[in-house]
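Undergrad: Below is the structure I would like to discuss, written out as structure tokens.
Numbering (the numbering used here), first residue to last: 1280 to 2077.
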């Protein structure tokens, strides 16, 4: 049995060590403001009072902080035990200290001599020797202090009864139970302290964690019962990429695989100088007994971040100790369930602001928090930060013969354009429909509505060729796809429900084998006669766009601007592979598009693919614009996490700059590179009067106070929501030699939020980003390969 666990972490706290330790040793802040930029704030219409979800942190400016390294002998795996041992010896630091959970302590107290050796006692009575050694001094204004503030805030959350789950903190005592669905909702709080343009502030937002009542072992047993022959394959399909929470320490892990060759009953690993079984480990460490020794172990690979830190160990978990988190696929498709879930979790601006105010008062009134923060001279203000914001002017929608204004506050112009001729309609003559025989009446009524709405839009529709699907089975739909003549320029598949395998079969055939734009429509969508005219209009616009139609446009200020969107998606079948989707404009009006995809296994491949795709996009632009090269290239890069920004800045962007410098024809082409982030935690509430809060209107932009000092960034609210709190989008401009002022960037981003042809209204991100996301998602979930190049000059993926 010796060596079976070698190279793997014990299935318990080593992961906690690697995820929490070293909180003070994060890379210095990356400054990405382009050197050509001298101001990061722009003007706009009017001025409004905005309340944010930020609290100001008052800090001293004249103190010195001392750093110490701490080592334990014997080594202590469990973070809570390490914290307890340090707390037992808190008098060494005169009580004012912050411990990062790993090997570093910061304190206002300077020890006269180091190293200092003290001891602590574990629950089992054993003694641990603790060595404390001075390492450095940090001045109060140093960026290192921000990490100290955040570490102290995590302690504050623990002091008021919150528990850490993954990276965030939740209050299990306030959980809401959905018994019919066998899950709990844990309310939580997300905090982040950083230096902003307005000073040092803490962002604070309400979050929720869904904890299901079933364990990973329950899932395995269910699959093994119903899928006896291929149960291992099915188990991998269901559990791989799922996130579980261990019952013994509330840690979350993303499952990468199932180690069927290793079971809970026979697996051993090296711990110190001895070989330990899982049964002994869990009994001794957590007082837990493994009930099922035959269950296979769950495999967790280290994340990219952990590997960059030198930790390459994989972890093995026992399924019966792992609670499932998040929604099942069935829940995600259940609209009734999602409405019930939204009723329990959704917060409007007033509710969110009240929750945050109660939270900060709870922090400030806790005696232990007061004592610790008082020792550091820290204090939170109890008022949500209030700032001034401006609104960008409303856009005018361009159709074939008219300039159409719309009500900006609604974020929708569907009514205004549904009777207006498209800028460039296309004829729908050689097309085919695939449907079950039983759905004949539904399909005919839908086609009648299509013909009725087509006239005002300028679309000439002929009768389709009908391919009958004999029964609802994957082989029958595959056979129907084979019977479609390649001369057709559009395929409409009417299907009874959202079956992912059927959808993938149809899409793969017409995107990768027989390149014809295709549209898959469920009968549920076209069965409601009350809304059928509206549905028919939306689908007709979608169908026409896939054939190259240009439904509507917005006023681009100058010709010659090539606009790019790029996003990535992890392929659901090709392990270790991700797809990058590139979409760019083909004309100056931003109504015609070009697209490509490419697979990569690492970031360097991604960067090379991005540059190659941009080269193809420029070549296509030159062809489509009679040999004219683009005067300006604006890139919107989506899908970038905070930790990936340095690579995008230092490698990806440099590759593109190098490409642009290789051609003499591009010597005068200016360039900007914008990272677009839609998953941000900043929230903004429009203050009307003294007490009323509501969502800001579309077009609201925030470019001061809560923006980051080291960035050329702004927030934009481009869409309208009827329920809950609207989410802003953050734009981080990391390269720009266009000579534009901030308002130019802000206006262009807002304009581009109007031309996503799946929705007659504004969306959360610029259209090229959303197009790239749709293409990456389709490729990574359904196609699993690159589409045929014959489709690259259309938005076939809508």
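Even glycine gets a Cβ: it sits at the ideal position worked out from N, Cα and C.
Model, not experiment: these values are computed from the prediction.
Does the Cβ of residue 1528 have 16 or more other Cβ atoms within 10 Å, making it buried, or fewer, making it exposed?
TA: Label assigned to residue 1528: buried.
Undergrad: Considering only the beta carbon of each residue, do residue 1845 and residue 1832 sit closer than 8 angstroms?
TA: Their beta carbons are not under 8 angstroms apart, which means residue 1845 does not touch residue 1832 by this criterion.
Undergrad: At 3 residues or longer, what runs of the beta strand (DSSP E) sit wholly inside the stretch 1517-1596?
TA: Those beta strand (DSSP E) runs which fall completely within the stretch 1517-1596 and span 3+ residues are 1522-1525, 1531-1533, 1536-1542, 1547-1550, 1553-1556, 1575-1579 and 1593-1596.
Undergrad: Is it buried or exposed, residue 1932, if we count other Cβ atoms within 10 angstroms and call 16 or more buried?
TA: Counting Cβ neighbours within 10 Å, residue 1932 comes out buried, since at least 16 surround it.
Undergrad: Start and end of the beta strand (DSSP E) containing residue 1475?
TA: Its beta strand (DSSP E) spans residues 1462-1475.
Undergrad: Quick test of the definition: if touching needs 3 or more C-beta pairs under 8 angstroms, does the stretch 1871-1883 touch the stretch 1792-1812?
TA: As far as the Cβ criterion goes, the stretch 1871-1883 does not touch the stretch 1792-1812, which means the pair count is below three.
Undergrad: Can you tell me whether residue 2030 is helix, strand or coil according to DSSP?
TA: Residue state, collapsed to three classes: helix.
Undergrad: Give me the Cα-Cα distance between residue 2041 and residue 1997, rounded to the nearest whole angstrom.
TA: The straight-line gap from Cα to Cα measures roughly 6 angstroms.
Undergrad: What does DSSP give as the partner residues of residue 1711 in its beta bridges?
TA: Its beta-bridge partners are 1744 and 1770.
Undergrad: Which residues in the same chain as residue 1304 place their Cβ atom closer than 8 angstroms to its Cβ, once the five residues preceding and following it in sequence are excluded?
TA: Unreliable placement is indicated for residue 1304, whose pLDDT of 42 sits below 50; the coordinate value is still reported in the next sentence. Cβ within range, chain order: 1383.
Undergrad: Do residue 1326 and residue 1669 come within 8 angstroms of each other at the CB atom, strictly closer than that value?
TA: Yes. Within cutoff.
Undergrad: When the Cα atoms are used, what is the spatial distance from residue 1925 to residue 2013?
TA: Each residue's alpha carbon lies about 10 angstroms from the other.
Undergrad: Once DSSP output is grouped into helix, strand and coil, what is the label at residue 1304?
TA: With a pLDDT of 42 at residue 1304, under the threshold of 50, the modelled position of that residue is not reliable, and no figure is offered here.
Undergrad: Quick one: grab the DSSP three-state call for residue 1951.
TA: Looking at residue 1951 - three-state DSSP - the assignment turns out to be strand.
Undergrad: According to DSSP, which residues form a beta bridge with residue 1874?
TA: BP columns for residue 1874 point to 1862.
Undergrad: Rounded to the nearest angstrom, what separates residue 1770 and residue 1818 at their Cα positions?
TA: Approximately 13 angstroms, taken between the alpha carbons.
Undergrad: Can we say the stretch 1494-1510 touches the stretch 1682-1694, given the rule of at least three CB pairs closer than 8 angstroms?
TA: With the cut-off at 8 angstroms, the stretch 1494-1510 and the stretch 1682-1694 do not touch.
Undergrad: Please report the distance separating the alpha-carbon of residue 1736 from that of residue 1665.
TA: When rounded, the distance between both Cα atoms is 46 angstroms.
Undergrad: Mapping DSSP to helix, strand and coil, what is residue 1444?
TA: Three-state DSSP puts residue 1444 in a strand.
Undergrad: Considering only the alpha carbon of each residue, which of 1637, 1347, 1835 and 1783 lies closest to residue 1394?
TA: Residue 1347 is the option with its Cα nearest to residue 1394.
Undergrad: So what does DSSP say about residue 1428, is it helix, strand or coil?
TA: DSSP places residue 1428 in helix when its eight states are reduced to three.
Undergrad: Determine the direct distance from the alpha carbon of residue 1936 to that of residue 1645, and round the result to whole angstroms.
TA: Approximately 53 angstroms, taken between the alpha carbons.
Undergrad: Report yes if the CB atom of residue 1310 is closer than 8 angstroms to the CB atom of residue 1989, and no otherwise.
TA: Taking 8 angstroms as the Cβ cut-off, residue 1310 and residue 1989 qualify as a contacting pair.
Undergrad: Have a look at residue 1797 and residue 1789 and give me their C-alpha separation to the nearest angstrom.
TA: In a straight line, the C-alpha of residue 1797 is about 7 angstroms away from that of residue 1789.
Undergrad: Counting Cβ pairs, one atom from each stretch, are 3 or more of them under 8 angstroms apart for the stretch 1963-1971 and the stretch 1904-1924?
TA: Taking 8 angstroms as the limit for Cβ pairs, the verdict is that the stretch 1904-1924 does not touch the stretch 1963-1971.
Undergrad: Tell me the residue span of the alpha helix (DSSP H) that contains residue 1325.
TA: Counting along the chain, residue 1325 falls outside any alpha helix (DSSP H), though it belongs to the beta strand (DSSP E) covering 1324-1331.
Undergrad: Let's test the definition: count the other Cβ atoms within 10 Å of the Cβ of residue 2075 and tell me whether it reaches 16, buried, or not, exposed.
TA: Residue 2075 should be labelled buried.
Undergrad: Let me know if residue 1975 comes out buried or exposed under the rule of 16 or more other beta-carbons within 10 Å of its beta-carbon.
TA: By the neighbour-count rule (16 or more Cβ atoms within 10 Å), residue 1975 is buried.
Undergrad: Assuming residue 1729 and residue 1869 form a contact by the criterion Cβ under 8 angstroms, report the distance between their Cβ atoms to the nearest whole angstrom.
TA: Not confirmed; about 27 angstroms, so no contact.
Undergrad: Is the Cβ of residue 1932 closer than 8 angstroms to any Cβ of chain B?
TA: The chain inventory of the structure shown lacks chain B, comprising one protein chain alone.
Undergrad: Are residue 1349 and residue 1337 touching if we call contact CB-CB under 8 angstroms?
TA: Taking 8 angstroms as the Cβ cut-off, residue 1349 and residue 1337 do not qualify as a contacting pair.
Undergrad: In terms of residues, what are the limits of the beta strand (DSSP E) holding residue 1351?
TA: Start and end: 1343-1352.
Undergrad: Are the Cβ atoms of residue 1637 and residue 1829 separated by less than 8 angstroms?
TA: It is not a contact, given that the beta carbons lie outside the stated cut-off.
Undergrad: On the DSSP letters alone, give me the boundaries of the beta strand (DSSP E) that residue 1391 sits inside.
TA: Looking at the DSSP string, residue 1391 is not in any beta strand (DSSP E), and its letter there is neither H nor E.
Undergrad: With a cut-off of 8 angstroms, do at least 3 Cβ pairs link the stretch 1838-1852 to the stretch 2041-2060?
TA: With the cut-off at 8 angstroms, the stretch 1838-1852 and the stretch 2041-2060 touch.
Undergrad: Rounded to whole angstroms, what is the Cα-Cα separation between residue 1389 and residue 1345?
TA: Approximately 6 angstroms between the Cα atoms of the pair.
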